[in-house]
Amino acid sequence: MRRPRELMSRRSTLIVAVTDAFQENLIKRGIPGSKIRVIKNGADISFFYPRPVPADMAQKLGGRGKFIVSYIGTVGMAHAVDKIIEAAEKVRHIPDILFLVLGEGAQKKKIEKLVRQKNLPNVRVLPGVSKEKISDYYALTDLNLVTLRNRPLFQTVIPSKIFEIMAMERPILCTVDGECRQIIEQAECGIFVEPENTDQMVQAIKNLWQEKSQLIIMGKNGRRFVKTHFERNDLAMKYLDILSAVASSQAPDLKTLTDCFQGFSKK
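For the sequence shown, our numbering begins at 3 and goes up steadily by one.
(1) Could you tell me which residues DSSP pairs with F101 in its beta bridges?
(2) Thinking F232 and A45 are a contact (beta carbons under 8 Å), I'd like their distance in whole angstroms, please.
(3) By the DSSP assignment, the beta strand (DSSP E) with V228 in it spans what residues?
(4) Quick one: what's A45 bridged to in DSSP?
(5) When the Cα of Y140 is compared with those of D201, V159, Y51, which residue comes out closest?
(6) Would you give the residue range spanned by the alpha helix (DSSP H) that V83 belongs to?
(7) Spatial neighbours of M220 within its chain, please: CB distance less than 7 Å, with the 5 preceding and 5 following residues excluded, ordered by chain position.
(8) Please state the DSSP three-state secondary structure of T15.
(9) What do you get for M3, buried or exposed, if any count of 16 or more other CB atoms within 10 angstroms of its CB means buried?
(10) Give the DSSP bridge partners of I148, in chain order.
(11) Just to confirm my understanding: we take M59, look at its own chain, exclude 5 residues before and 5 after, and list those with CB closer than 6 Å. What are they?
(12) Can you tell which of E213, N124, K110, N146 has its C-alpha closest to the C-alpha of K92?
(13) Should S48 go down as buried or exposed, given a rule of 16 or more other Cβ atoms within 10 Å for buried?
(14) How would you label G32, buried or exposed, when you count the other beta carbons within 10 angstroms and need 16 or more for buried?
(15) In terms of DSSP beta bridges, what is I29 paired with?
(16) Look up I207 in the DSSP assignment and say whether it is helix, strand or coil.
(17) Mind checking which residues open and close the alpha helix (DSSP H) that includes I38?
(18) What is the residue span of the alpha helix (DSSP H) that F165 lies within?
(19) Spatial neighbours of K37 within its chain, please: CB distance less than 8 Å, with the 5 preceding and 5 following residues excluded, ordered by chain position.
(20) Output needed for G65: all residues of its chain with C-beta closer than 6 Å, excluding positions within five of it in sequence on either side, in chain order.
(21) When burial is assigned at 16 or more other CB atoms within 10 Å of the CB, is G67 buried or exposed?
(22) Counting beta carbon pairs with one atom in the stretch 19 to 32 and one in the stretch 96 to 110, are three or more of them shorter than 8 Å?
(23) Measure the C-alpha to C-alpha separation of I244 and K42 and round it to an integer number of angstroms.
(24) Indicate the three-state DSSP secondary structure (helix, strand or coil) for I136 in the structure shown.
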């Protein structure tokens, strides 16, 4: 699989990487830096924006008046959701803190079993929902968890959901080192703790539960940062500029492609 990928990279007129680390990796593999551009993911701020929580939502989940800590996303082997359950066990004596795990994935049944075995009344494991519903859960949540395992590879990735959470004016507790951590710290929209370090996670959750005013500040910082740097329409225009530049120097058929893309970006 790697040989066809490298052949395509070398023959491409221009390559778009979604993180700085991916760009550096391509350069190390012999791809000229002059043919690589970086356009990171972002969020549609017209879709993800601060909103009231649906009236009966918290009550149905048993979270009315509680400090809600949520993991929303894939429940896979890489995502260290078991460490979230360990953290929940360590604060089970604090009835005001409720954990939500929302999503599907290879580890979902294992996580459900773990919650049952530990008999945790402060954890709700919920099915995945549509994109239209996710924003309601972001709005419900006081603190969003973005977690991955402690692997060097994950220092090169930026989970795209951080931009959605930031656009919703919700703070983040992040265990993803590297570029993801850099964005969150630069935006001042959350806190980083070491990957798979349950004690650090617990301490950060307890601190923010006690200092709720910080959550509001972090949330506002996050949306402001996304609007400035990671607004999806702005990123689409950057792609359009790249396509236009390539089309102007390549076969005429590419001009048709950029015309189609431009029409889509205006919708």
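Idealized CB from N, CA, C, for every residue including glycine. Everything numeric in this text was worked out from a predicted model, so none of it was measured.
Looking at the atomic coordinates:
(1) V71, V125
(2) 6 Å
(3) V228 -> not in any beta strand (DSSP E); alpha helix (DSSP H) instead, spanning 214 to 231.
(4) In the DSSP output, where bridge partners are listed per residue, A45 has E233.
(5) Y51
(6) 83 to 92
(7) P173, E190, C191, G192
(8) coil
(9) Any reading at M3 must be qualified, since the residue scores a pLDDT of 46, below 50, and its modelled position is unreliable; the value itself is stated next. Exposed, since its Cβ has fewer than 16 Cβ neighbours within 10 Å.
(10) The question names Ile, but residue 148 is Val in the sequence shown. DSSP output for V148 lists C176 as bridge partner(s).
(11) L142
(12) N124
(13) exposed
(14) G32 is classed as exposed because its beta carbon has fewer than 16 other beta carbons within 10 Å across all chains shown.
(15) Its beta-bridge partners do not exist; DSSP assigns none.
(16) Here I207 sits in helix by DSSP.
(17) Run containing I38: none in the alpha helix (DSSP H); it sits in the beta strand (DSSP E), 38 to 40.
(18) 163 to 169
(19) Once the five neighbours on either side are set aside, the close Cβ partners of K37 are S14, T15, L16, I17.
(20) L100
(21) exposed
(22) Cβ pair count under 8 Å is below three, so no.
(23) 14 Å
(24) When DSSP states are grouped into helix, strand and coil, I136 belongs to the helix group.
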